[in-house]
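Notes for the one structure printed next.
Numbering (my numbering), first residue to last: 4 to 539.
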């Protein structure tokens with residue numbers, strides 16, 4: 004019989020963090036609550052971990068996350084003294100939710116290996132954004148494999164249980180990734196051929212048409228998300244990407260395999276040869292190829308946002324990591340920054356304020372210096388919120404003021420498109436989140452009321468969450484009657500939305516109104532909420 008070995012690494016980390024066992028247990032319990040887990044650990048459980056007992060997943064990941072935030076540096080599961088593979092342990096469920104409003108700017112029989120290998124989503128997130136993350140075709144194949152596993156009911160459950168874990172993210176390196184202005188020119192014609200050949204013109208036209216199709220799909224799925232939430236909409240997008248990204252990647256040879264005699268690759272025979280010469284798997288893709296990759300990055304980013312809204316946080320982290328890789332391969336630092344911003348908001352909602360600040364700062368630093376003002380406002384307001392959550396009030400106020408100034412210029416220009424515009428209603432909602440984090444409740448109410456006035460008809464999810472946030476804030480200020488008015492508006496929008504964020508807001512309504520359930524103003528609201536909760 005083998006004896007367990009004491010977990011000396013965990014003991015060293017506790018000393019570094021300045022925590023005792025009870026404090027670590029409280030930190031893990033708090034993170035569990037944010038992930039939808041009712042954990043009741045105490046100092047005796049920590050004593051067992053120190054003696055060598057390995058808790059079931061996802062608790063090791065939560066331990067590492069709690070120590071990451073406390074120590075101010077990345078702590079891995081392995082560094083905390085736990086086997087990262089989790090052999091011999093059961094799999095726990097993380098099914099929390101992120102609340103808040105999201106802006107647009109805001110198949111073979113054998114699918115092959117898991118897209119992230121054995122590393123799991125958290126490790127994959129670190130490698131996806133690493134410089135030189137692999138040829139373009141591999142990024143598309145990874146997306147196709149991940150989406151295919153997500154769309155398959157047999158392989159989906161482990162993905163939905165995968166835990167969220169803070170990981171290092173590589174900064175943008177234009178010398179490696181290539182800027183849009185450095186896009187490779189169209190390939191030169193072969194000696195003796197027409198310049199350019201009909202086949203090559205057709206291939207370029209095909210790529211341009213495909214990029215336009217992807218752009219239109221991003222608009223459609225973004226609209227569905229704002230209207231109905233991410234829980235069901237994300238399944239449709241995952242299924243579409245599994246087929247389309249897989250088929251698109253399959254038409255492109257892997258590096259070193261193009262141009263083989265008799266395959267048609269490189270000799271103009273069939274789509275493989277024609278499209279191979281457009282160099283989709285080249286190190287420096289052409290401008291039209293970059294546009295295709297940019298659109299795939301946008302759709303993958305959107306799928307990540309939807310997956311956050313559904314409460315599958317480890318899987319959402321993986322999709323955002325894939326979006327980062329595709330943005331890098333497209334040479335699109337703006338899209339890279341937008342995705343970092345989404346990852347920062349996700350981290351903040353899951354109780355990782357230090358990680359959220361690092362990602363928010365990286366997002367602002369990555370954005371093009373002469374970038375579109377809406378993008379800069381989008382990034383600055385998230386950095387303001389992140390600064391507010393770590394108590395940096397002056398930095399938060401400065402970011403909020405700067406975001407207001409640049410968004411005014413964005414509104415005047417009125418660009419269009421889900422990744423090209425930042426609606427004033429969404430901006431005001433984000434401003435309100437910063438004011439709430441700073442304890443400025445009156446300013447938050449003003450921002451939320453302005454956001455509500457600007458909501459487009461049919462944006463049920465966004466309208467529901469804005470009403471919920473406004474009701475919660477008014478109740479904190481003691482305005483029960485007005486709070487109930489907005490709660491009822493929230494309840495009216497809920498049936499049209501499939502979103503864990505909305506369902507959690509309903510749970511908070513029932514909790515917050517319990518002390519007032521016999522008061523005349525609250526009775527109809529509580530009854531309406533209970534009836535709705537029973538049907539959902």
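The beta-carbon is built from N, C-alpha and C at its ideal position, and this holds for glycine as well.
Pairing residue 32 with residue 85 gives a Cβ-Cβ distance that is not under 9 angstroms. Taking the CA atoms as reference points, residue 291 sits about 10 angstroms from residue 297. Under a 10 Å Cβ-count criterion, residue 80 is classified as buried, with 16 or more other Cβ atoms of the shown protein chains found around its own Cβ.
Sixteen is the threshold: since fewer than 16 other Cβ atoms of the shown chains lie within 10 Å of the Cβ of residue 15, the residue is exposed. As for any beta strand (DSSP E) of minimum length 3 sitting wholly inside the stretch 439-466, there is none. In terms of CA proximity to residue 423, 380 leads the group 432, 380, 346, 232. Of the other Cβ atoms in all chains shown, fewer than 16 fall within 10 Å of the Cβ of residue 212; this residue is therefore exposed. For residue 325, the three-state secondary structure derived from DSSP is helix. In this structure residue 367 is in contact with residue 386, their Cβ atoms being roughly 5 angstroms apart against a cut-off of 8 angstroms. Shown here for residue 405: same chain residues with a beta carbon closer than 7 angstroms to its own, the five before and five after excluded, namely 383 in chain order. In the structure shown, residue 529 falls within a helical segment according to DSSP collapsed to helix, strand and coil. DSSP places residue 141 in the helix class (H, G or I) of the three-state scheme. Within the same chain, Cβ atoms closer than 6 angstroms to the Cβ of residue 428 are found at 454, 457, 458, the five residues on either side in sequence being excluded.
One thing to note: residue 437 has its Cβ within 9 angstroms of the Cβ of residue 388. Judged by beta-carbon spacing, residue 528 lies within the 9 angstroms limit of residue 490, meaning their Cβ atoms are closer than that value. Collapsing the DSSP output to three states places residue 335 in coil. Cβ neighbours of residue 64 within its own chain (closer than 8 angstroms, five residues either side excluded): 80, 125, 166, 167, 168. When 487, 448, 308, 145 are compared, the shortest CA-CA separation from residue 325 is found for 145. Distances from the CA of residue 74 to each of 18, 40, 61, 35 were compared; the closest alpha carbon is that of 18. Ranking 299, 46, 408 by CA distance to the CA of residue 220 puts 299 first.
Sorting 335, 308, 508, 497 by C-alpha distance to the C-alpha of residue 350 places 308 at the top. Of the residues 254, 13, 509, 426, the one whose Cα lies closest to the Cα of residue 407 is 426.
In the structure shown, the three-state DSSP call for residue 32 is helix. Our two residues, residue 477 and residue 152, have alpha carbons roughly 44 angstroms apart in a direct line. Under the three-state reduction of DSSP, residue 172 is assigned to coil, being neither helix nor strand. Per the C-alpha coordinates, the member of 462, 303, 487 positioned closest to residue 226 is 462. In the DSSP assignment, residue 369 falls within the alpha helix (DSSP H) that extends over 356-369. Residue 488 is positioned such that its CB atom lies closer than 9 angstroms to that of residue 474.
Collapsing the DSSP output to three states places residue 81 in coil.
For the pair residue 450 and residue 471, the CB atoms are not nearer than the 9 angstroms cut-off. Counting only residues of its own chain and dropping the five nearest sequence neighbours on each side, residue 347 has a CB closer than 7 angstroms to the CB of 359, 362, 363, 366, 385, 389.
According to the DSSP assignment, residue 243 belongs to the alpha helix (DSSP H) that extends over 236-253. Linking residue 246 to residue 205 through their CA atoms gives a straight-line distance of about 23 angstroms. One alpha carbon belongs to residue 311, the other to residue 202, and they sit about 42 angstroms apart. Put simply, the backbone Cα of residue 341 is about 18 angstroms away from that of residue 170. Judged by their CB atoms, residue 217 and residue 302 are nearer to each other than the 9 angstroms cut-off.
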